[in-house]
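Undergrad:
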Amino acid sequence: MENEKLPYISVIIIAYNRKEFLLDAIKSALNQTLDREYYEIIVIKNFQDDTIDNFIKENNIKGIISENKSLGGKISEALYVSKGEIVSFLEDDDLFFPNKLREVYDIFISNPNLVYYHNNFIKTNNRLFEIDYSENKKNKKIFLKLIELNNIKTINYLISKKLIAFNMSAITIRKSYFNDCLDILENIRIAHDMCFFFCLSGKSDTSKEILIYDKPLSIWFIHNSWSNTSCDLEIKNFKNKNFTIAKETLNAIVYIFNEFCIKNNLYNFYDNKQPLCDYLKLTISARKSQLYLLNEYEININDIKLFFKFVTMRKSIYLSGAFILVLFGKFISKKLSTKIFLYISFLLNTI
Numbered sequence: 001m002e003n004e005k006l007p008y009i010s011v012i013i014i015a016y017n018r019k020e021f022l023l024d025a026i027k028s029a030l031n032q033t034l035d036r037e038y039y040e041i042i043v044i045k046n047f048q049d050d051t052i053d054n055f056i057k058e059n060n061i062k063g064i065i066s067e068n069k070s071l072g073g074k075i076s077e078a079l080y081v082s083k084g085e086i087v088s089f090l091e092d093d094d095l096f097f098p099n100k101l102r103e104v105y106d107i108f109i110s111n112p113n114l115v116y117y118h119n120n121f122i123k124t125n126n127r128l129f130e131i132d133y134s135e136n137k138k139n140k141k142i143f144l145k146l147i148e149l150n151n152i153k154t155i156n157y158l159i160s161k162k163l164i165a166f167n168m169s170a171i172t173i174r175k176s177y178f179n180d181c182l183d184i185l186e187n188i189r190i191a192h193d194m195c196f197f198f199c200l201s202g203k204s205d206t207s208k209e210i211l212i213y214d215k216p217l218s219i220w221f222i223h224n225s226w227s228n229t230s231c232d233l234e235i236k237n238f239k240n241k242n243f244t245i246a247k248e249t250l251n252a253i254v255y256i257f258n259e260f261c262i263k264n265n266l267y268n269f270y271d272n273k274q275p276l277c278d279y280l281k282l283t284i285s286a287r288k289s290q291l292y293l294l295n296e297y298e299i300n301i302n303d304i305k306l307f308f309k310f311v312t313m314r315k316s317i318y319l320s321g322a323f324i325l326v327l328f329g330k331f332i333s334k335k336l337s338t339k340i341f342l343y344i345s346f347l348l349n350t351i
């Protein structure tokens with residue numbers, strides 16, 4: 001270990017406007033079983049706070065006050081100044097398990113061809129959640145060559161099960177392999193987890209690998225569940241939030257598709273030339289359909305055909321219900337209660 005270049009890992013913590021959970025996130029990155037000399041911590045945020053800033057300084061953490069308006073721009077900015085060969089991300093309201101970086105270090109040191117790593121995570125809305133180490137479970141490591149992603153069924157399975165391209169706090173990358181994605185990252189406001197995965201589109205190095213590890217190494221906290229809506233105002237606020245997320249996600253996915261697939265001439269839907277691009281196209285159709293359900297987007301017959309292909313591939317009863325709404329249009333949607341209507345739309349936010 002002593003012969004390795006230091007720091008080997010950079011932990012990038014991103015915060016935008018929100019302060020209340022940031023110190024907990026930073027402390028979880030500090031309280032690691034891996035010796036601190038093998039990793040650095042970078043906190044990039046758009047605000048100043050004496051308590052947080054003093055804590056950052058006292059613990060030899062690199063703090064950046066960013067004027068970049070997009071979250072993707074902040075991630076890119078932090079990547080440019082990071083020194084580690086390996087980068088683990090942590091959102092300001094999530095936490096690392098104490099053994100997270102030890103696991104990351106060991107797996108990347110042992111696998112020089114590994115470029116993308118996604119660990120399992122615990123999902124909870126309880127900020128007092130305590131990690132239970134009592135279960136001695138043997139966890140699976142699934143290594144996939146990049147060439148094995150040339151199968152849309154494989155891609156659909158991995159993404160639909162949230163085994164990949166989901167939750168930034170579960171993602172670790174080999175930075176040098178993603179340098180050509182930083183300009184794209186700067187221009188998207190959402191779906192950064194998808195951006196890193198789809199950056200693998202068209203990569204021809206057959207020796208490179210990704211790893212899906214089903215051992216939980218991070219905690220994903222959920223806030224203000226929509227299911228608590230109990231009055232018209234809350235429902236209206238949820239609909240507005242749902243629309244904003246759907247619109248920004250659609251814009252991000254379209255941008256990712258254009259940059260990775262169209263500009264690089266990787267996409268030909270009819271001969272399935274690039275399955276990652278094929279999957280993006282189907283996802284775009286689903287997002288368009290979601291906005292259509294929210295009365296904020298018009299779709300054509302081709303969009304409906306692509307959405308049907310997406311629903312068939314996913315084999316989801318909920319998506320099938322959404323497809324029926326799309327197929328018969330706003331006539332049926334007006335017959336539904338607002339909560340049912342929003343619930344089906346909400347399900348599309350989870351794809």
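Throughout the sequence shown, residue numbering follows UniProt numbering, covering 1 to 351 in sequence.
Idealized CB from N, CA, C, for every residue including glycine.
Exposed or buried, residue 361, counting other C-beta atoms within 10 Å across all chains shown (16 or more means buried)?
TA: Only positions 1 to 351 of the chain appear in this structure, which leaves residue 361 out of reach.
Undergrad: Report the three-state DSSP secondary structure of Asp180 (helix, strand or coil).
TA: helix
Undergrad: Of all the options Ser28, Leu114, Ala286 and Ile14, which has the alpha carbon lying nearest to the alpha carbon of Gly73?
TA: Ile14
Undergrad: Whose C-beta lies closer than 8 Å to the C-beta of Leu23 among residues of the same chain, with five residues either side of it excluded?
TA: Excluding its 5 nearest sequence neighbours in each direction, Leu23 has C-beta neighbours in its own chain below 8 Å: Thr51, Ile52 and Phe55, listed in chain order.
Undergrad: What whole-angstrom Cβ distance do Leu101 and Gln32 have, given they're in contact under 8 Å?
TA: 5 Å
Undergrad: In the stretch 96 to 161, which residue ranges form an unbroken alpha helix (DSSP H) of at least 4 residues, counting only runs that do not cross its ends?
TA: 100 to 110 and 152 to 160
Undergrad: Classify Lys27 as buried or exposed, calling it buried when 16 or more other Cβ atoms lie within 10 Å of its own Cβ.
TA: So Lys27 ends up on the exposed side.
Undergrad: Using three-state DSSP, classify Leu291 as helix, strand or coil.
TA: helix
Undergrad: Would Asn120 and Pro216 qualify as a contact pair, given that the criterion is a beta-carbon distance under 7 Å?
TA: yes
Undergrad: Roughly how many angstroms separate the alpha carbons of Lys19 and Val87, rounded to a whole number?
TA: Distance between Lys19 and Val87, taken at the CA atoms: about 23 Å.
Undergrad: Buried or exposed: Gln48, going by 16 or more other Cβ atoms within 10 Å of its Cβ?
TA: Classification for Gln48: exposed.
Undergrad: Drop a sphere of 10 angstroms on the beta-carbon of Tyr8, count the other beta-carbons inside from all chains shown, and report buried for 16 or more, exposed for fewer.
TA: buried
Undergrad: What is the DSSP secondary structure of Ser10, reduced to helix, strand or coil?
TA: Reduced to three states, the DSSP call for Ser10 is strand.
Undergrad: Please work out which residues of its chain come closer than 8 Å, Cβ to Cβ, to Ser218, disregarding the five sequence neighbours upstream and downstream, and give them in chain order.
TA: For Ser218, where only same-chain residues beyond five positions count, the Cβ hits under 8 Å are Leu90, Asp94, Leu95, Phe96, Phe97, Lys100, Asn119, Phe121, Ile122, Asn167, Ser169 and Ala170.
Undergrad: Nearest by alpha-carbon distance to Lys141: which of Ile107, Lys162 and Glu186 is it?
TA: Ile107
Undergrad: Just mark Asn151 as buried or exposed, buried being the case when its beta carbon has 16 or more other beta carbons within 10 Å.
TA: exposed
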